């Protein structure tokens, strides 16, 4: 096997931690000696051992003189675990090959320096683009302290998310809806507008095997969220209500039920402010599920980092049906919003457009 | 090779005639003797020799005792060419394997009968579904005398075909637009509303190598089509204006320019009436290119036999932009239009949904 293949294996291992390690990065590691893989590992869950620990422990004393492939620069600081760079040195690793450098200011470059000072040969940048993409959520969060905002919406061919009466079940098919459950596991938070909550009373959970439920964030400047909604009734402490400071006198009964309340100025909150506040709760990623008003605002502010728009081969053909986006004033086609870095996914007779700002 | 493989080859040959043989069917033929292919052919252009003629002539005297695979029942009547069933008999073919039976009442079953009477063993129905699908245009036209109506439209992700000012160039990318040129070759006619003509002054030609320009059909109850439009100026006799009988006094100047004029009662023409009149001109297929009003009417009447809707990853987000379909009144998602027999095609960063009524 070649360097690229070992690193690709490490990346595939890292990917297994998706949705379970946030707000930490996904990391994979492979220890190789004499062309043989003698240890593998990945960061499995938030606060758990790092990828290097699994891989080095598996290699044991054979790690002496071996090469370690790591998708992200080994850490150099005492966090929830002792620094991996120290362990790599202690185990007698001869060479360390790294994909991404750590964007975390606590770590950046220091892990590499520690290893080099100990006489380990370090090579960096191998499959860096792939590794950076893998951890785009972590990269954004650690550098901006704001969560990665991922749009999910399910639309008809004519771009509607519901009929004029609010009927939206179901636009997409079961395969596409299963993918949405995966996304809810992959991303730490899920955000909807109060109108959507009132209309659908959604449970906003990740209904897949071993799925981690997201933090539920509801934007509700007018405090219309019903006290008997599933959102308020949830007992896992993951419900977050964002409302106006003007509503402060009315927050008590939500707080009593265990809902976290964030107060913002005014009534039209900017995504900028919302993301800043949510970021403070150590939530590194949010899936924006709608409705129309919130999605439109997010596009207007260019606050969307990526998304997946699911399209069903259905047509409403009704001008009064609810569009997934509205409120723009466009004269020329070239002035429209152009989604970038697109990719299509086929789910039976449904399809999705996945896109990313970067 | 097996029976199915020979017939598949015959179908692939038939496909080569797409767009060139209308309103005749596409047909392919393969002559096989001692497991060797000794002749192949397909119907190349309208009025030209049939597939069997090419294949049998290539086989020559070796056809004696051979098997012929034909995608459509050989003809038994004197049309533009002598009957193929006779030629098959005369050449000494021993066995004839047929996919589709001919839906043409002038031929149905008689070709097979003629061959059987002459002692040829005949097997039918091999890959019949594929062969029927291949000639769905011919099948519809020959049995109903109405053209196959194929919708083409290019929309943004939010289902718009133009901005409110009429800007629509370009929603889709160059790869998707090239596919549209192919469709214009494949289908005999192209139909648009007068508003689209006035807004875009399109040339409506098949701009591909060897492409056959379609008949251009404009629905114009109010006779707003400019005399200096490309549509009126075309000198190929393929421009057809459909207007109201009330406009009869004003048709002269269009007729003088070589435009065919069809007069219909009233001002809101039904697709049913339009297709009936266009069918009389031996046009077996029409691509419906828009605009919104005509497309909506076609869906309302359930007149669309199939289509390809191209989607670009662009968003207008403007309620006043022009939707590809409008005028329905839908309360429940399940009451929307559901496209059937869908298939997705990817054109770079554009995608299309292809669909068929049957």
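Residue numbers (the numbering used here), protein chains in the order written: chain Z, 1 to 358; chain C, 1 to 358.
Backbone N, C-alpha and C define an ideal beta-carbon position, used for all residues, glycine too.
Being a predicted model, the structure only gives us computed values, none of them experimental.
Quick check: what's the CA-CA separation for residue i versus residue j?
i, j, result
"residue 117 of chain Z", "residue 33 of chain Z", "22 angstroms"
"residue 224 of chain C", "residue 198 of chain C", "8 angstroms"
"residue 291 of chain C", "residue 203 of chain C", "16 angstroms"
"residue 160 of chain C", "residue 335 of chain Z", "14 angstroms"
"residue 92 of chain C", "residue 146 of chain C", "38 angstroms"
"residue 97 of chain C", "residue 310 of chain C", "39 angstroms"
"residue 132 of chain Z", "residue 100 of chain Z", "6 angstroms"
"residue 144 of chain Z", "residue 107 of chain Z", "16 angstroms"
"residue 249 of chain Z", "residue 348 of chain C", "54 angstroms"
"residue 63 of chain C", "residue 110 of chain C", "22 angstroms"
"residue 358 of chain Z", "residue 340 of chain Z", "8 angstroms"
"residue 65 of chain Z", "residue 40 of chain Z", "16 angstroms"
"residue 124 of chain C", "residue 113 of chain C", "12 angstroms"
"residue 6 of chain C", "residue 30 of chain C", "7 angstroms"
"residue 216 of chain C", "residue 181 of chain C", "14 angstroms"
"residue 261 of chain Z", "residue 323 of chain Z", "29 angstroms"
"residue 129 of chain C", "residue 67 of chain C", "21 angstroms"
"residue 74 of chain C", "residue 84 of chain C", "5 angstroms"
"residue 26 of chain Z", "residue 54 of chain Z", "14 angstroms"
"residue 9 of chain Z", "residue 257 of chain Z", "46 angstroms"
"residue 82 of chain C", "residue 115 of chain C", "15 angstroms"
"residue 61 of chain C", "residue 102 of chain C", "28 angstroms"
"residue 207 of chain Z", "residue 104 of chain C", "55 angstroms"
"residue 356 of chain C", "residue 188 of chain C", "18 angstroms"
"residue 19 of chain C", "residue 44 of chain C", "10 angstroms"
"residue 280 of chain Z", "residue 209 of chain Z", "29 angstroms"
Once the 5 residues before and after residue i are set aside, which same chain residues still bring their CB inside 8 angstroms of it?
i, result
"residue 344 of chain C", "351, 352, 353 and 354"
"residue 183 of chain Z", "150, 152, 287 and 308"
"residue 120 of chain Z", "88, 89, 93, 94, 95 and 96"
"residue 175 of chain C", "347, 348 and 350"
"residue 282 of chain Z", "23"
"residue 227 of chain Z", "253, 254 and 257"
"residue 4 of chain Z", "126 and 127"
Compute the distance between the beta-carbons of residue i and residue j, then report whether it is under 9 angstroms.
i, j, result
"residue 16 of chain C", "residue 28 of chain C", "yes"
"residue 276 of chain Z", "residue 263 of chain Z", "no"
"residue 241 of chain C", "residue 278 of chain C", "no"
"residue 126 of chain C", "residue 69 of chain C", "yes"
"residue 220 of chain C", "residue 22 of chain C", "no"
"residue 293 of chain Z", "residue 195 of chain Z", "yes"
"residue 80 of chain Z", "residue 305 of chain Z", "no"
"residue 38 of chain C", "residue 59 of chain C", "yes"
"residue 167 of chain C", "residue 331 of chain Z", "yes"
"residue 214 of chain Z", "residue 230 of chain Z", "no"
"residue 137 of chain C", "residue 191 of chain C", "no"
"residue 57 of chain Z", "residue 158 of chain C", "no"
"residue 14 of chain C", "residue 134 of chain C", "yes"
"residue 169 of chain C", "residue 333 of chain Z", "yes"
"residue 328 of chain C", "residue 318 of chain Z", "yes"
Can you give me the Cβ contacts of residue i inside the same chain, cut-off strictly under 6 angstroms, excluding the 5 residues immediately before and after it?
i, result
"residue 164 of chain Z", "320 and 321"
"residue 24 of chain C", "46"
"residue 271 of chain C", "298, 301 and 303"
"residue 244 of chain C", "221 and 267"
"residue 211 of chain C", "185"
"residue 205 of chain Z", "213"
"residue 71 of chain Z", "10, 11, 14, 27, 28, 99 and 131"
Going by beta carbon distance, what residues of the same chain come within less than 7 angstroms of residue i, once the five residues before and after it are set aside?
i, result
"residue 156 of chain C", "171, 312, 314, 315 and 316"
"residue 295 of chain C", "151, 153, 288, 324 and 325"
"residue 122 of chain Z", "96, 98, 112, 115 and 116"
Quick one: what's residue i bridged to in DSSP?
i, result
"residue 72 of chain Z", "Z:100"
"residue 256 of chain Z", "According to DSSP, residue 256 of chain Z bridges with nothing at all."
"residue 328 of chain Z", "DSSP, once it has assigned bridges, lists no residue as partnering residue 328 of chain Z."
"residue 310 of chain Z", "Z:154 and Z:352"
"residue 191 of chain Z", "Z:217 and Z:288"
"residue 323 of chain Z", "Z:160"
"residue 29 of chain C", "C:41 and C:70"
"residue 333 of chain Z", "Answer by DSSP bridge pairing: none, since residue 333 of chain Z is not bridged."
"residue 261 of chain Z", "Z:241"
What residue ranges within the segment 266-305 of chain Z form continuous beta strand (DSSP E) runs of no fewer than 3 residues, ordered along the chain?
285-290
Just to confirm the assignment: which complete beta strand (DSSP E) runs, minimum length 3, are found wholly within the segment 193-250 of chain Z?
215-219 and 239-244
Taking only runs that begin and end inside the segment 75-156 of chain Z, name each unbroken alpha helix (DSSP H) of 4 or more residues, in chain order.
List check, alpha helix (DSSP H) in window: 84-90, 110-117, 128-134 and 136-144.
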